[in-house]
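Residues 3 to 339 in my numbering are what the sequence shown lists, from first letter to last. This report refers to the structure that appears directly beneath it.
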Amino acid sequence: MMIEGSFPTTRLRRTRQHAWLRALVAETLLAPADLIWPIFVHDHEASMPVGSMPGVERLSIDGVVKAASEAVSLGIPAIALFPVVESSHKSDDAAHALDPENLVCRTVRAVRRECGDAVGIICDVALDPYTSHGHDGLLEAGRILNDETVVVLARQALLLAEAGCHVVAPSDMMDGRVGAIRGALDAAGRQDVCILAYAAKYASAFYGPFRDALGSAAALGSGDKKTYQMDVANSDEAIREVGLDLAEGADMVMVKPAGTALDIIHRVKREYRVPTFAYQVSGEYAMIQAAAANGWIDGGRAALESLLVIRRAGADAVLTYFAPAIARFLALTKSSY
Ligand code: PBG
Numbered sequence: 003m004m005i006e007g008s009f010p011t012t013r014l015r016r017t018r019q020h021a022w023l024r025a026l027v028a029e030t031l032l033a034p035a036d037l038i039w040p041i042f043v044h045d046h047e048a049s050m051p052v053g054s055m056p057g058v059e060r061l062s063i064d065g066v067v068k069a070a071s072e073a074v075s076l077g078i079p080a081i082a083l084f085p086v087v088e089s090s091h092k093s094d095d096a097a098h099a100l101d102p103e104n105l106v107c108r109t110v111r112a113v114r115r116e117c118g119d120a121v122g123i124i125c126d127v128a129l130d131p132y133t134s135h136g137h138d139g140l141l142e143a144g145r146i147l148n149d150e151t152v153v154v155l156a157r158q159a160l161l162l163a164e165a166g167c168h169v170v171a172p173s174d175m176m177d178g179r180v181g182a183i184r185g186a187l188d189a190a191g192r193q194d195v196c197i198l199a200y201a202a203k204y205a206s207a208f209y210g211p212f213r214d215a216l217g218s219a220a221a222l223g224s225g226d227k228k229t230y231q232m233d234v235a236n237s238d239e240a241i242r243e244v245g246l247d248l249a250e251g252a253d254m255v256m257v258k259p260a261g262t263a264l265d266i267i268h269r270v271k272r273e274y275r276v277p278t279f280a281y282q283v284s285g286e287y288a289m290i291q292a293a294a295a296n297g298w299i300d301g302g303r304a305a306l307e308s309l310l311v312i313r314r315a316g317a318d319a320v321l322t323y324f325a326p327a328i329a330r331f332l333a334l335t336k337s338s339y
């Protein structure tokens, strides 16, 4: 069909014609090296699926060691450990968080023994796995105590560092904890241990499946974390949070959740130009898996797309439960997406 009239000189469709050309002009890449694999560990031999996170299991210590070796062979640089703590070890003062024989410390030692420095070990610093009330901090008369919690967090971080983790990641959102943790690590000669601060962490509905996995949902009951985690209405406040954590000594900062805070990831990366990570949290994972299980979306493609846009927003690395599946897929096809 002949068409009369003038036509565009610039045609953006020209560079979309072939896969090879699209690959050349792609502005963002997703590679296994951009992924961090969050892993749940429990004190049982058999692994146990997390009902609300199809494809994710709570692993034994041996299982975590195997997963860590798999991360190495898949090119995933780091794992993030989350312990499922027996209810008999939960208390109001989270004392078990400071026991060097607790599950996460034993796991860190086992992974370190097997993998050395071949895979990064990131440990969460927060009290919620250990508190009978499910909060990240100490609770008194219905309030979460800030400074008293920070003292415990600094000791917890040091304990995790002594067990052998490379990175401590405070996820509690208490004010001043990064400075206190840096101080405690340095005073003990642990200058080399990095701090990945959950700097802009929102009080989000998307953490539900994670709390199921840990068994902290039941403990928290109808409670919420709005007096310490950020209000999702706020953006400037995220910039202030990140600025404070950097000033206190954070090496890397994190935005969480990722998919509902792409604007925040973008602002943080733009404004500070520091290593900026994002956490594609349990609820984000669960939504994609649930829709895929129903045949409503192509789960693999949706997972890739969700991660690529988090990278496009500005994240240097992404914590995602899809990490092993994506890395396996990328290894099968090509090395990046
Ligand atoms: C606990 C912690 C949470 C997550 C990571 N660390 C849950 C919470 O703050 O309630 C959420 C991760 C996820 O949903 O995947 N401090």
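The C-beta atom is built at its ideal place from N, Cα and C for all residues, glycine as well.
Exercise. In three-state DSSP terms, what is Y132?
Worked result: coil
Problem set entry | Straight-line gap, R115 to S71 (C-alpha atoms, nearest Å) | 11 Å
Exercise. Between S308 and the ligand PBG, is the CB less than 7 Å from at least one heavy atom?
Worked result: no
Problem set entry | Sequence ranges, beta strand (DSSP E) only - wholly within the stretch 35–92, length at least 3 | 37–43, 59–61, 80–85
Exercise. Mind pulling the alpha helix (DSSP H) runs of 4 or more residues that sit fully within the stretch 241–291?
Worked result: 264–274
For this session: Give the range of the beta strand (DSSP E) segment to which P172 is assigned.
Result: 169–172
For this session: Have a look at R13 and Q19 and give me their C-alpha separation to the nearest angstrom.
Result: 11 Å
For this session: With distances taken Cα to Cα, identify the nearest neighbour of F212 among P34, R330, E59.
Result: E59
Exercise. Per DSSP, what kind of secondary structure is L332 in: helix, strand or coil?
Worked result: helix
Problem set entry | C-alpha distance - V152 paired with A21, whole-angstrom precision | 52 Å
Problem set entry | Buried versus exposed, by CB contacts within 10 Å (16 or more), E88 | exposed
Problem set entry | Terminal residues of the alpha helix (DSSP H) in which L26 lies | 21–27
Exercise. At which residues does the beta strand (DSSP E) containing D126 begin and terminate?
Worked result: 122–127
Exercise. How about A189 and V127: are their beta carbons less than 8 Å apart?
Worked result: no
Exercise. Under the criterion of a Cβ to heavy atom distance below 7 Å, does F212 qualify as lining the ligand PBG?
Worked result: yes
Exercise. Do you know how far the Cα of G217 is from the Cα of P326?
Worked result: 24 Å
Exercise. In this structure, what does DSSP give as the bridge partners for E142?
Worked result: R145
Exercise. So the beta strand (DSSP E) L1 belongs to, where does it begin and stop?
Worked result: Residue 1 lies beyond the residue range present for the chain, which begins at 3 and ends at 339; the question has no answer from this structure.
For this session: Compute every distance between the C-beta of G240 and the non-hydrogen atoms of the ligand PBG, then say whether any falls below 7 Å.
Result: The residue asked about is misnamed: residue 240 is Ala in this sequence, not Gly. No, the beta carbon of A240 sits no closer than 7 Å to any heavy atom of the ligand PBG.
Exercise. When DSSP builds the beta bridges, which residues end up paired with Y204?
Worked result: M232
For this session: Pair every Cβ in the stretch 309–322 with every Cβ in the stretch 268–285, then say whether three or more of these pairs are closer than 8 Å.
Result: yes
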